[in-house]
Amino acid sequence: MSRTLRTLAAAAAALFLATACNSASTGGTSAKPGISGGTVRGVTADTVKVGGIVSMTSASGYSKKDTDLGARARYDRANAEGGINGRRIEYLGAEDDGQDPARNLAAARRLVQQEKVFAVAPMSSVTFAGADFLDSQAVPTVGWGTLPSFCGPKHIYGFNGCLVPTPGGTLNQTWPEGLATVLGGAKGRSVALIAGDNDAGKFGIRTFTQGFKAAGFDLAYAKASVPAGSVPSDWSAYTKEILRSGPGGKAPVAVVSVMQTPYNIGLFTALKRAGYQGVLSDPTDYDPGLLAKDATRQALDGVLVLLQFQPFEADSPAMRQFKADIRKAAGKEVPLNMHMLTGYMSADLFLAVAAKAGKDLTVESFQKAANGFSDTGTLVGDRAEPKGQKESFGCGALVRLTGGRYEVAVPFRCYPPIPFR
């Protein structure tokens, strides 16, 4: 995270603490978190109020806006089927945090203090400054578990588990094991890992370094060094270092980017222009909308993309249902992308646990239902809580962009996790 973002986050946190103290001294209530005026916050006899926090905009132009559509599609189907134990989901839509820690915290506060939501689902961003606030206010929160805040806090859940665990948790091995499958093995093969200089990037480098080594790869390069605030106009400093990082000063067999689409396009284009012939891979560029521009399509051609859900090309009942729900919510056929599925599965996990909680929906009944929750055969594989607050659900696939269309390179499967140290 840049110094500017740290400063904003610290300032926002200080402002929140001061505001919270003032509210406590003047609000005239000592209600427990999750309780408002003697009732459960966000829950009426007929409705459950839910909001979201998503990076709709960003300085780089990257957007996760379709996360909101995915969540809305799942809530719409739930309501069409009678709601959750007779209650309709009142989904307020997602707040845009702009990938800004201060705005993330502000969005969390607004949803709880002004909108009085029962839950936040989805939450998808590279920053989660609002995590401590949401957990302290006993707000069930579900999102993409790519940040440490999804690993451990009592009320926060990753839709596919915890992807950046603390020591004692486990790591998902889909990416390294999938690449080993593509390459015909990992032994003697070198990999370069590169990420942005932010929290997500640093944790990504830490976790994937351990994962690729455990799979048998040699780590030639592993740095979270790319400025997070803006896409570099000149990638030569990074490409030169990467291309000389392998054994004997040669290029590594694979370059793995833990970055967002605009960065990947720039990096991969520069590597190809420099003559790199190895494997390129990232976790974000599974989006048919990216193929509309020739330059983007060329930059991503041949790239292997990590998925932590069933590929859209899969013909399973769950995938057919997802596609139908998205089409209905959008009102037309739209290109599918991973952000839609992020929102959809965040909503899906919330709904599954809330349904188990029963008619008497409170934070306590939700937490009790989550403690021991499990199901199978979902778009992210088998789910279980509270396991998912310490480790991922361990499933995934790799797809490759070839000739302007995505093809499954490594089918969806679940891999045994490894201990995180």
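Residues in the sequence shown are numbered from 0 upward in steps of one, following numbering that gives the first Met the number 0. Just so you know, even glycine gets a beta-carbon here, dropped at the ideal spot from N, CA and C. Remember, predicted model here, so these are calculated numbers, not experimental data.
- Residues of the same chain with a CB within less than 7 Å of the CB of D45, apart from the 5 flanking positions on each side, are R86, R87 in chain order.
- Looking at the DSSP output, M122 bridges to I52, G142.
- Separation of the CB atoms of Y220 and L266 is rounded to 13 Å, and the pair is thereby denied contact status at 8 Å.
- Nearest neighbour of M344 by Cα position, chosen from A291, G142, P164, turns out to be G142.
- Note on the region 78-135: whole alpha helix (DSSP H) runs with a minimum of 4 residues are 100-108, 130-135, in chain order.
- In its chain, beyond the 5 residues on either side, S59, G60, Y61, V230 have a beta carbon closer than 8 Å to the beta carbon of P261.
- In terms of Cβ geometry, M55 and D99 do not form a close pair [threshold 8 Å].
- In this structure, V116 places its C-beta atom within 8 Å of the C-beta atom of G41.
- In the assembly as shown, T38 is an exposed residue. Its beta-carbon has fewer than 16 other beta-carbons within 10 Å.
- Secondary structure of K358 (DSSP, three-state): coil.
- By the Cβ neighbour-count rule, T283 is buried, with 16 or more other Cβ atoms within 10 Å of its own.
- Checking the DSSP bridge columns, you'll see V47 partnered with V42, I88.
- Runs of alpha helix (DSSP H) with 4 or more residues, each lying fully within the region 144-216, are found at 173-182, 198-213, listed in chain order.
- DSSP, reduced to helix, strand and coil, places P316 within a helical segment of the structure shown.
- DSSP places T377 in the strand class (E or B) of the three-state scheme.
- Using a Cβ distance threshold of 8 Å, R73 and D293 do not count as a contacting pair.
- Between the alpha carbons of L350 and N78 lies a distance of about 11 Å.
- Proximity of the region 302-320 to the region 398-412 meets the contact definition, three or more beta-carbon pairs being nearer than 8 Å.
- For Y405, the enclosing beta strand (DSSP E) begins and ends at 404-413.
- When DSSP states are grouped into helix, strand and coil, D67 belongs to the helix group.
- Cβ atoms of K63 and S123 come within 8 Å of each other, at about 5 Å.
- Scanning its chain for C-beta atoms nearer than 8 Å, with the 5 sequence neighbours on each side dropped, one finds around E384 the residues Y156, V352, A369, N370, G371, F372, S373, in chain order.
- DSSP places D293 inside the alpha helix (DSSP H), whose first and last residues are 293-299.
- In the structure shown, V352 falls within a helical segment according to DSSP collapsed to helix, strand and coil.
- Using a Cβ distance threshold of 8 Å, T377 and A317 count as a contacting pair.
- Ranking V181, A236, R404 by CA distance to the CA of S280 puts V181 first.
- Boundaries cannot be given for T283, as no alpha helix (DSSP H) includes it and DSSP labels it neither H nor E.
- With respect to V257, G203 sits close: the two C-beta atoms are nearer than 8 Å.
- Within the model, the alpha-carbon separation for G277 versus V254 is close to 7 Å.
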